[in-house]
């Protein structure tokens, strides 16, 4: 058993949970120009780390990292090959990827059919802007939310098209958090409606499992703030 961590943002690393439940396992992490993530896990927390780099074989899994240095030098798209299946774990890389990165990924994708590829990416307004900013007017909030959702969607669709993929799973869409403004929430619902009607997107909630046929096995507890 190993634990895969994409990058060092605190919403991706729960130090308490790791220390109490995962500290006996090796941690598989991308090799970044900055050693901050490895230092945090290895020196601060005393964990075993293994760098993915160009290729890391871990048991039956083969992992490869892809980084867009122009967007973020500390987050990576990670491909995981196992049992004739390919998982593309894009993490927070919802932006449009550069052509060089796309071309680096295509040789791996060319070995798999659509039914054996699973593309997962974060989508949503995780920083809660403008939902948790009461000084912003409703009209401005509507414009900002619509623009952000549209830009994210367009970027994801472009990446899918250039990679030759026709579907993906979206996760980590905690857009509301503690904000309880009915007007803003209705704007969020309007923005999400477009995604509910698009067969290319499937929404994951916490605890969901993705099955081999791309169906979702739901968890017993659902978060209503996910769409």
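Numbering (our numbering), first residue to last: 6 to 232. For glycine and all other residues, C-beta sits at the position ideal for the given N, C-alpha and C.
So is residue i buried or exposed if we call it buried at 16+ other beta carbons inside 10 Å?
i	result
residue 25	exposed
residue 158	buried
residue 97	buried
residue 182	Only weak support is given to the placement of residue 182: the predicted model assigns it a pLDDT of 49, under 50, and the question is left unresolved by the model.
residue 22	exposed
residue 129	buried
Please name the residue in the options whose C-alpha comes closest to that of residue i.
i	options	result
residue 100	93, 111, 163	163
residue 176	54, 135, 206	206
residue 75	139, 219, 102	102
residue 40	148, 13, 150	13
residue 36	23, 80, 212	80
residue 172	78, 126, 23, 198	126
residue 198	212, 165, 151	151
Is the CB of residue i under 9 Å away from at least one CB in chain D?
i	result
residue 154	The chain inventory of the structure shown lacks chain D, comprising one protein chain alone.
Considering only their Cβ atoms, is the gap separating residue j from residue i smaller than 9 Å?
i	j	result
residue 222	residue 210	no
residue 68	residue 57	yes
residue 106	residue 71	yes
residue 52	residue 28	yes
residue 34	residue 62	no
If you draw a straight line from the alpha carbon of residue i to that of residue j, how long is it in whole angstroms?
i	j	result
residue 4	residue 32	Here the chain covers residues 6 to 232 and nothing more, so residue 4 does not appear.
residue 17	residue 10	7 Å
residue 204	residue 45	40 Å
residue 92	residue 134	30 Å
residue 219	residue 170	13 Å
residue 59	residue 113	12 Å
So residue i packs on residue j, CB below 8 Å; how close in whole Å?
i	j	result
residue 160	residue 192	Rounded, the Cβ-Cβ distance is 21 Å, inconsistent with contact.
residue 188	residue 143	5 Å
residue 94	residue 83	5 Å
residue 200	residue 123	Actually they are not in contact, since the Cβ atoms of residue 200 and residue 123 sit about 18 Å apart, beyond 8 Å.
residue 89	residue 121	6 Å
residue 78	residue 139	Rounded, the Cβ-Cβ distance is 34 Å, inconsistent with contact.
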